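Okay, so here's the structure we're looking at.
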Amino acid sequence: MNKLIMGRYLPGDSLIYQLDPRGKFLLTFYFVGIVFFANNVASYVFLMAFVLFAVYLSKINFGFFIKGLRPIFWLILFTVLLQLFFTPSSHPIWHWGFLTLSKESMVIASYIFVRFVLIIFISTLLTLTTTPIEISDSIESILKPLKKVNFPVTQVALMLSIALRFVPLLVDETTKIMDAQRARGVDFGEGGLIKRIKSFVPILIPLFVSSFSIAYDLAIAMESRGYKDGEGRSKYRVLKWSKRDNVTVLVMLAVTIILLFIRSY
Amino acid sequence: MEKIISIKNLNYTYPDSKKPAINNLTVDIYKNEWLSIVGKNGSGKSTLTKLIDGLIDADSGTIEIDGQEINEKNIWEVRTKIGIVFQNPDHQFVGATVEDDVAFGLENQGMPREQMVKEVDHALELVGMHKFKKRDPQTLSGGQKQRVAIAGVLATRPQIIIMDESTSMLDPEGRRTVLNLIQELRQQQDLTIISITHDISETELSQRIVVLNDGQIVRDDIPRNIYDMGTDLSKYGLEEPFSDELMSTLRNSVELPESYLNEEELMKRLWKLRSNM
């Protein structure tokens, strides 16, 4: 369970790790956006080459990226099959009832597949090389302009970072409660769907109660350490934008320009 | 001796309770002293901590910290003089890494970053946790977590440190390192220590013990005299220290002094006995 939510970050210190998280965060979204401009074999091959190059620079074992595909494997399969058999075409190779298979549909299906792989790989690269706290710092920094309209940016960022910090603790707490309930004879893996959902109620209620008591303890601890309301606080963690990050932005720009040249219109 | 905390006729009753949690309590705490407050669950120990730090408001009575009476206006200033280390190390971490957490109190004061970096390093060195600076608190042992919590408190340079059952969730090893660390810091940094506990064996390093029962002080004395109460301690829901219990059993067969000895003194006495044989 811990692996699912938090265990994505992999400690390391290659070039990709040293990039400013704000840049990484924004450029990842940007890249996901430009993936949709690709529309021919050359452009997809080019983007794939770029992503593989970035993966190579991260010096992370390729297996971790393949693992990133696993949770949405069924979604990819479903979408690809849908494209494969339901794309209307005037020259079908194969035809059965409402299912048609054609050259175009095969091409489109493979594009969709590559698109999925590109998006998953690049976002896996972000989460593997950036700690959750760096991501929350980036979000704070990106949302900063909203301060002008009285949006409590610093408070939201602190909330986010505390939430991230308490996920492992709550996971531990859940395991403890589950063990306690098992010792009382609750069976979590048995029965139909409804029964299984019902068996989670005796976990959720104690978890709810204990998270409230943790929140209360934490609030007292924070107040005793002088936390008022987020105003007039200074920041210990700083994000530094360096030359490397400028270069990364330029590379991304070059990728965009090349992509616009080789895509077909 | 100079007073640092002076509490007069303090009363507090929780909103949903009829019985007062603190009942007309008066006590003076002196600079650089290590005072232990002992009592069973519900005796009012933790309520007293919260009152001293202004986390809850007293119904009546006054609390003076370093010559200043606590009121709504000066509470934040007074709070910077007090640091509290709580019971559960996991419930007091705010930062994602050790250094971030130590910096939290300083961030709240709005300290410039360059100075903060120095203060964080200094505080972590004092508690011997400097090499764990970048670590996730989750990967530390209980004793290490409490040492980080102490660093977080020390970073803001308080005059008083309150240990609110801070060692009750630690193993004996962790407990010993934390208590010895506190003793060392008290001497080095001229700190006043108030430790709150229900386990009387944790009070050995203190200079004075206050026994709390039903929100009132029932005994206020030096440790030796408190330990000599022996089985009378159980009236207040406390267990007599192990060495004292052992002594009263041994007295039937071995000649031992009437007054309290701590574990080390008792050990010395016992091996001397054996060498006489």
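First to last, the protein sequences are chains A and B. In terms of UniProt numbering, the first sequence opens at residue 1 and continues consecutively. In terms of UniProt numbering, the second sequence opens at residue 1 and continues consecutively. For each residue, glycine too, the CB sits at the ideal point set by N, CA and C. Source: prediction; values computed, not measured.
Take residue 62 (chain A), set aside five residues on each side of it, and the residues of its chain with a beta-carbon closer than 8 Å to its own are 55, in chain order. For the stretch 218-245 of chain A, the set of positions with a beta-carbon nearer than 8 Å to some beta-carbon of chain B reads 218, 220, 221, 222, 223, 224, 225, 226, 227, 228, 232, 233, 234, 235, 236, 237, 238 in chain order. As the crow flies, the alpha-carbon of residue 90 (chain A) is around 25 Å from that of residue 77 (chain A).
Between residue 103 (chain B) and residue 236 (chain A), the CB-CB gap stays under 9 Å. For residue 169 (chain B), there is no enclosing alpha helix (DSSP H), as DSSP marks it with neither H nor E. Counting the other Cβ atoms within 10 Å of the Cβ of residue 94 (chain A) gives fewer than 16, which makes it exposed. Interface residue (Cβ-Cβ distance to chain A less than 9 Å): residue 106 (chain B) is classified as such. Within chain A, the C-beta atoms nearer than 9 Å to that of residue 94 (chain B) come from 158, 161, 162, 165, 218, 221, 222, 225, 227, in chain order. In the displayed model, residue 251 (chain B) falls within coil according to three-state DSSP, outside both helix and strand.
Looking only at B:89, B:37, B:35, the smallest Cα-Cα distance to residue 218 (chain A) is reached by B:89. Residue 178 (chain B) sits away from residue 38 (chain B), with the two beta carbons spaced by 9 Å or more. Residue 164 (chain B) counts as buried, since at least 16 other C-beta atoms from the protein chains shown sit within 10 angstroms of its C-beta.
For residue 79 (chain A), the uninterrupted alpha helix (DSSP H) segment begins and ends at 73-86.
Listed by position along chain B, the residues whose Cβ is nearer than 7 Å to that of residue 133 (chain A) are 96.
Taking 7 Å as the cut-off between beta carbons, the residues of the stretch 194-217 of chain A near chain B are 214, 217, in sequence order. Remark: C-beta atoms of residue 149 (chain B) and residue 92 (chain B) approach each other more closely than 9 Å. Distance from the CA of residue 185 (chain B) to the CA of residue 126 (chain B), rounded to the nearest whole angstrom, comes to 8 Å. Contact check between the stretch 175-189 of chain A and the stretch 64-77 of chain B: fewer than three CB pairs, one atom from each, fall below 8 Å, which does not count as touching. The three-state secondary structure of residue 56 (chain B), taken from DSSP, is coil. Close CB contacts of residue 47 (chain B) within its chain, under the 7 Å cut and outside five residues either way in sequence, are with 12, 21, 22 (chain order).
In the DSSP secondary-structure assignment, residue 94 (chain A) is bridged to A:101. Chain A has a Cβ within less than 9 Å of the Cβ of residue 100 (chain B). Excluding residues up to 5 positions away in sequence, 24, 25, 26, 60, 61, 62 lie with their Cβ nearer than 8 Å to the Cβ of residue 9 (chain B) in the same chain.
Burial of residue 99 (chain B) is indicated by the presence of at least 16 other C-beta atoms within 10 angstroms of its C-beta. Counting the other Cβ atoms within 10 Å of the Cβ of residue 255 (chain B) gives fewer than 16, which makes it exposed.
No Cβ-Cβ contact shorter than 9 Å links residue 76 (chain B) with residue 183 (chain B). Excluding the 5 residues flanking it on each side, residue 173 (chain B) has same chain C-beta neighbours closer than 8 Å at 143, in chain order. Residue state for residue 218 (chain B) is assigned as strand, using DSSP reduced to three classes. Using a Cβ-Cβ cut-off of 9 Å, residue 92 (chain A) does not count as an interface residue toward chain B, since no Cβ of chain B sits closer than that to its own.
The shortest CA-to-CA distance from residue 59 (chain A) to any of A:88, A:128, A:8, A:113 is the one to A:128. Taking the C-beta atoms as reference points, residue 230 (chain B) is found no nearer than 9 Å to residue 243 (chain B).
Taken through DSSP and simplified to helix, strand or coil, residue 95 (chain B) comes out as coil. Among the CB atoms of chain B, none fall inside 9 Å of the CB of residue 21 (chain A). The Cβ of residue 112 (chain B) sits closer than 9 Å to at least one Cβ of chain A.
For residue 76 (chain B), the uninterrupted alpha helix (DSSP H) segment begins and ends at 75-79. With a threshold of 9 Å between beta carbons, residue 88 (chain B) makes contact with chain A.
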